[in-house]
């Protein structure tokens, strides 16, 4: 079983990202489960969503406590929420930021476990709006090396968003995919 | 065909396939996505001939369902938590009048304190209302139970509540096979009301009944409920033959045949429990799970048969009767023999996650004989200490 936890803020499409990831995994022939951890459903409030992917049907309903990949849609959460809780030594963090590692002040992890993706910038360029979720899913596809292929992510995005919004999000995902493929050499333990 | 969709969406599509003629809708978390989905289907013309009524409260939602059902329409609504409590007076009327309304309850805690998250307090507070209650384990189950609920309700002329865990199921995306219209039509014939309000042939439904016959009305209601104990298993077998998957079996034993310890539970926690039991079995522990789908009427004989060999029975309660104890525990007690030790574990109230780690701790304590007969799972003692001091 492969487990993903997504942190972000209300309005950034955190729950949508988990849902799209599960649809992409399903499209790729896997079993998948996505669910939110609702709390303060306000714009800007910290939000968490989860996604499990497996080759067998998924019965487990507890929150993802030990994520294989942690997607952080908003880097301002790092100092305020215990986002890295439960991350095992083999786990990766996909972090939306345009800042270099040295400026992030992350003490809990080493830089080889953290993949930096300027997802908001990519979304502004390709979509025209600062919504980082689709781009990060493209980054996840690159990191997962075939667990969830990019074309499955793009299919899921286009199923949900038609027209220009679908095009923009798909382009942002593809751009992030290329970036992460160039950055990460070591394959993920899937 | 399998699709990866939200539980609420799957239920909305399935309810639409059951061709309700009147849907009374009032939004409340975590049920809202279901009636929103149905409103979209009605607007799109997918649900021909269905009257979708936006009502002003849950009391009105059930009242609309009662009126529609009495006039011969297949009626549906959905609610949760405080919404269910607000319609309680009408709930008892629906059952007392023998109206085959189907309602989804997206299970949620009851305030105060206000809490939007999942437990079974809402539906279980209505265990004596005369409604049949079915509890879904996963979203496929939720879908399948709705199809069966309309059939069961109309055959017995009594209302049925399909309970699905709020958020944990309603808001989860997972793979679901939403049935085809042809398959549902073949399984669920058009509604033929037992009695009908018709201006051309006026009758009175719901007249006052005095002491001379009130007991008899209740006796007959009980008899109708008990009929579900044999009718639901038959419908479940017919469903399995038609749709190729099991659903609606009143009890669902999992690895219980030789289990020394059996955990009894309802709803979505069964998935986590089964994973936990598989882990413990691999380590040589003798444990199993008994899922209960049918909570009203309570399938006492089936529960007794499934627990016969167990030395220890752990009842996982997702609701709690303050001042008394476990709700399921009280129902289940007559199924246990003198040599069987039972434990009540109150778990997952107000949305607290029930984890494998916590379940393993409880089962280890039960095996060691150190589990309290009434245990609150993961009770945060630091939070209660100030209030308990000096008590």
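Protein chains in written order, with the numbering used here: chain E, -6 to 183; chain Y, 5 to 395. The beta-carbon is built from N, C-alpha and C at its ideal position, and this holds for glycine as well.
Practice item. Answer yes or no: do residue 256/Y and residue 141/Y have a C-beta to C-beta separation smaller than 9 angstroms? Key: The residue given as residue 256/Y occupies position 252 in the second chain. The residue given as residue 141/Y occupies position 137 in the second chain. For residue 256/Y and residue 141/Y, yes; Cβs fall inside 9 angstroms.
Check your understanding: Taking a cut of 8 angstroms between CB atoms, which residues from the stretch 167 to 180 of chain Y lie near chain E?
Key -> 171, 172, 175, 176, 177, 178 and 179
Check your understanding: Run through DSSP, which three-state label would residue 391/Y get?
Key -> Along the second chain, read from residue 1 onward, the residue named residue 391/Y stands at position 387. Correct three-state label for residue 391/Y: helix.
**Study point:** Three-state secondary structure assigned by DSSP to residue 168/Y
**Key:** Here the question's residue 168/Y lines up with position 164 in the second chain. Three-state DSSP puts residue 168/Y in a strand.
Review point. How do the stretch 309 to 323 of chain Y and the stretch 11 to 21 of chain E stand: do at least 3 beta-carbon pairs fall below 8 angstroms, yes or no?
Key: no
**Study point:** Proximal residues, the stretch 74 to 86 of chain E versus chain Y, C-beta separation under 7 angstroms
**Key:** none
Review point. Name the chain Y residues whose beta carbon is nearer than 9 angstroms to that of residue -5/E?
Key: As a working mapping, residue -5/E is identified with position 2 in the first chain. Per Cβ cutoff of 9 angstroms: no residues; residue -5/E is ~15 angstroms from chain Y at best.
Exercise for review: Quick one: grab the DSSP three-state call for residue 25/Y.
Suggested key: By 1-based counting over the second chain, the position of residue 25/Y is 21. In the three-state scheme derived from DSSP, where H, G and I count as helix and E and B as strand, residue 25/Y is classed as coil.
Check your understanding: Measuring CA to CA, which of 314/Y, 368/Y and 21/Y is closest to residue 185/Y?
Key -> Here residue 185/Y refers to the residue found at position 181 of the second chain. It is 21/Y whose Cα lies nearest to the Cα of residue 185/Y.
Practice item. Over the uninterrupted alpha helix (DSSP H) stretch that includes residue 328/Y, give me the two end residues. Key: Along the second chain, one-based indexing puts residue 328/Y at 324. From DSSP, residue 328/Y is part of no alpha helix (DSSP H); its letter is neither H nor E.
Review point. So what does residue 44/E bridge to, in DSSP terms?
Key: Position 51 of the first chain holds residue 44/E. -3/E and 27/E, per the DSSP bridge assignment.
Review point. Can you list the residues of chain Y that residue 136/E reaches, using a CB-CB cut of under 7 angstroms?
Key: In the first chain, the residue the question calls residue 136/E occupies position 143. Those do not exist, as residue 136/E stays about 21 angstroms from chain Y at its closest Cβ, beyond 7 angstroms.
Point to revise | Straight-line Cα distance separating residue 295/Y from residue 205/Y | key: On the second chain, position 201 is the one that residue 205/Y refers to. On the second chain, position 291 is the one that residue 295/Y refers to. The alpha-carbon atoms of residue 205/Y and residue 295/Y are separated by roughly 46 angstroms.
Practice item. Could you check what DSSP says for residue 362/Y in three-state terms: helix, strand or coil? Key: Reading the second chain from its first residue, position 358 is the one you call residue 362/Y. Helix at residue 362/Y.
Review point. What did DSSP end up calling residue 189/E once you bin it into helix, strand or coil?
Key: Summary: the structure shown does not reach residue 189/E, with chain E confined to residues -6 through 183, and so no result is reported for it.
Review point. Is residue 46/E close to chain Y, meaning its C-beta is less than 9 angstroms from at least one C-beta of that chain?
Key: As a working note, residue 46/E is residue 53 in the first chain. No - not a single Cβ of chain Y is within 9 angstroms of the one on residue 46/E.
**Study point:** Runs of beta strand (DSSP E) lying entirely within the stretch 187 to 246 of chain Y, each at least 3 residues, in chain order
**Key:** none
Review point. Can you tell me whether residue 327/Y is buried or exposed, with buried defined as 16 or more other CB within 10 angstroms of its CB?
Key: The count along the second chain starts at 1 and reaches residue 327/Y at position 323. By the 10 Å Cβ count, residue 327/Y comes out exposed.
Exercise for review: May I ask you to list the residues that DSSP assigns as paired with residue 4/Y?
Suggested key: Because chain Y here runs from 5 to 395, residue 4/Y falls outside it and cannot be looked at.
Review point. Are there three or more Cβ pairs, one per stretch, closer than 8 angstroms when the stretch 306 to 315 of chain Y is compared with the stretch 337 to 350 of chain Y?
Key: yes
Review point. Contact check, residue 54/E vs residue 275/Y under 8 angstroms by CB: the rounded distance?
Key: Locating residue 54/E in the first chain gives position 61, where the first residue counts as 1. Locating residue 275/Y in the second chain gives position 271, where the first residue counts as 1. About 5 angstroms separates the CB atoms of residue 54/E and residue 275/Y; that is less than 8 angstroms, so the two are in contact.
Check your understanding: Should residue 96/E be flagged as near chain Y, meaning a C-beta pair shorter than 9 angstroms?
Key -> Stepping through the first chain from its first residue, residue 96/E is reached at position 103. Not an interface residue.
Review point. Thinking C-beta only, is residue 126/Y closer than 9 angstroms to residue 353/Y?
Key: As a first step, residue 353/Y must be located in the second chain, where it is residue number 349. As a first step, residue 126/Y must be located in the second chain, where it is residue number 122. No. Outside cutoff.
**Study point:** Where residue 338/Y falls: helix, strand or coil (DSSP)
**Key:** Reading the second chain from its first residue, position 334 is the one you call residue 338/Y. The answer is helix: DSSP assigns residue 338/Y an H, G or I state.
Exercise for review: Reducing DSSP to helix, strand and coil, say where residue 7/Y ends up.
Suggested key: Position 3 of the second chain, counting from 1, holds the residue named residue 7/Y. Strand.
Exercise for review: Run through the stretch 244 to 323 of chain Y for me and flag every whole beta strand (DSSP E) of 3 or more residues, listed as ranges in chain order.
Suggested key: Annotation: the stretch 244 to 323 of chain Y contains the following complete segments of the beta strand (DSSP E) (minimum length 3 residues), in chain order: 255 to 258, 265 to 269, 291 to 296, 298 to 300 and 316 to 321.
Exercise for review: Find the residues of chain E that neighbour residue 272/Y, judging by a C-beta separation of less than 8 angstroms, and give them in chain order.
Suggested key: In the second chain, residue 272/Y corresponds to position 268, counting from 1. Scanning chain E for C-beta atoms nearer than 8 angstroms to the C-beta of residue 272/Y yields 54, reported in chain order.
Review point. Got a sec? Which residues, its chain only, sit under 6 angstroms from residue 158/Y by beta carbon, not counting five neighbours each side?
Key: Counted from its first residue, the second chain places residue 158/Y at position 154. Closer than 6 angstroms at Cβ, skipping near neighbours: 104 and 195.
**Study point:** Short CB-CB distance (under 9 angstroms) between residue 15/E and chain Y
**Key:** Along the first chain, read from residue 1 onward, the residue named residue 15/E stands at position 22. So yes, residue 15/E belongs to the interface.
Review point. Is there a Cβ from chain E that is less than 9 angstroms from the Cβ of residue 260/Y?
Key: Translated into the one-based positions of the second chain, residue 260/Y becomes position 256. Closer than 9 angstroms: no.
Check your understanding: How would you call residue 69/E, buried or exposed, if buried means at least 16 neighbouring beta carbons within 10 angstroms?
Key -> Along the first chain, one-based indexing puts residue 69/E at 76. Classification for residue 69/E: exposed.
Practice item. Assign residue 154/E to one of three DSSP states: helix, strand, or coil. Key: Residue 154/E sits at position 161 when you count from the first residue of the first chain. Three-state DSSP puts residue 154/E in coil, outside helix and strand.
Exercise for review: Quickly, what does DSSP pair residue 80/Y with across the bridge? List them, please.
Suggested key: As a first step, residue 80/Y must be located in the second chain, where it is residue number 76. In DSSP, residue 80/Y forms a bridge with 27/Y and 106/Y.
Review point. Counting only beta-carbon atoms, is residue 29/E nearer than 9 angstroms to chain Y?
Key: Locating residue 29/E in the first chain gives position 36, counting from the first residue. So yes, residue 29/E belongs to the interface.
Practice item. Measure the beta-carbon distance from residue 31/E to residue 171/Y and round it to whole angstroms, keeping in mind my assumption that it falls under 8 angstroms. Key: Walking along the first chain from the start, residue 31/E turns up at place 38. Walking along the second chain from the start, residue 171/Y turns up at place 167. By a beta-carbon distance limit of 8 angstroms, residue 31/E contacts residue 171/Y. Their separation comes to about 6 angstroms.
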